Structure formats: C-alpha cells, structure tokens
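Every number in the numbering used here is 324 more than the matching position in the sequence shown, counting from 1.
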Amino acid sequence: MGGNAWTQTGPYQPDLAAAFRQAQEASLAEDDHGFGGRTVEELWRDPDWHEYVFTGGTCTVLDFPDMIDPTDRSDGPFLRPLTDTEVRAWSPTGRPTYEEWHEALDTGRLDFPDRARGNCTVLYHDGRPTLIGYWGVTAD
Numbered sequence: 325m326g327g328n329a330w331t332q333t334g335p336y337q338p339d340l341a342a343a344f345r346q347a348q349e350a351s352l353a354e355d356d357h358g359f360g361g362r363t364v365e366e367l368w369r370d371p372d373w374h375e376y377v378f379t380g381g382t383c384t385v386l387d388f389p390d391m392i393d394p395t396d397r398s399d400g401p402f403l404r405p406l407t408d409t410e411v412r413a414w415s416p417t418g419r420p421t422y423e424e425w426h427e428a429l430d431t432g433r434l435d436f437p438d439r440a441r442g443n444c445t446v447l448y449h450d451g452r453p454t455l456i457g458y459w460g461v462t463a464d
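Next up, the structure:
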C-alpha cells in the first residue's frame, strides 16, 4: 500500500501543540477506532495502537504521537508545523485562508508530506487566525 492522504481542521490556539492535542481529543471523541476509554497518551503506549496506525491509520491527527519543531526533518510519525517561508511559498501574504490552503493542496502548490508524516499551519479569516489546517499521509 502507498499511504492515504488526508486533511482535517481544528480550532486555533496560539500554542500550536495545545491546538494539536485539542484536535486529537476531538478526533478521538468522534471515533475511538475500537480503542474506547483511553487517552491519546495511553493509545501511544499500546502496541496494538501502533499496529493499527502503522498498518492503516486513522487519516486524522491521531496518527501522530507528537508535534515536532518546524525546522525538524525527523522521520515520522510526527506532525510538523510549516515554517513561515514554507507558508509564503504558496500563500504570499503568510496568512492563508481555508480556501487558499485547500486550493493549494488540490493543485499541488502545497505538497502532502511523506508517509507517516503530517503538517499543519494556521488558517485565517478576515486577517485573524481561526483554524489550524492539518494534512498528512498514513504510514501504511
């Protein structure tokens, strides 16, 4: 298999790691993937969860145990925010809207990461940060 590309949005918080955790909690509440009653941290300590994620994945932010620094290029599974330079490559204002982000992904101006990796960026509406856009590719 070659991995599945996916996109998701979550609420904005100035602390991107906190926003990521909030998005993970919301995703887990929406679908526990048969692993009910556990936190995200507990899931990532469970070898059965590893097997589940690495052989299929959830196509959500749940596929990543942690967020890494924007300049870190470690292999996955990690979520990495884009740098300002990376954002400006497809959104010259540096304040992309949801529509701009979605269109950039659809047209290939913004790439999906390699397998078992994800990215995120802040999305704006009327010049104000309102969402975090997440996108990635499953490990399978």
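Cβ coordinates follow ideal geometry from the N, Cα and C atoms, glycine included. All figures in this text were calculated on a predicted structure; none of them were measured in a lab.
Cβ separation of Leu434 and Leu447, assumed to be a contact under 8 Å, to the nearest whole Å:
Rounded, the Cβ-Cβ distance is 12 Å, inconsistent with contact.
With distances taken from CA atoms, which of Val385, Asp372, Leu403 and Glu424 is nearest Arg412?
The shortest C-alpha separation from Arg412 is found at Glu424.
If you follow the alpha helix (DSSP H) that Gln332 is part of, which residue opens it and which one closes it?
Not the alpha helix (DSSP H): Gln332 falls in the beta strand (DSSP E), residues Ala329 to Pro335.
Thinking just about the alpha-carbon of each residue, which of Thr395, Leu386 and Thr379 is nearest to the one in Ala350?
Minimum Cα-Cα distance from Ala350 among the listed residues Thr395, Leu386 and Thr379 corresponds to Leu386.
Check Trp425 in the structure and name its three-state DSSP category.
helix
For Leu352, the three-state DSSP class (helix, strand or coil)
helix
Across which residues does DSSP place Val461 in a beta bridge pair?
Ala329 and Arg441
Look up Pro405 in the DSSP assignment and give the residues it is bridged to.
By DSSP's assignment, Pro405 forms a beta bridge with Cys444.
Assign Ala342 to buried or exposed, taking buried as 16 or more other Cβ atoms, counted over all protein chains shown, within 10 Å of its Cβ.
exposed
Using beta-carbon positions only, say whether Pro401 and Ala440 come within less than 8 Å of one another.
yes
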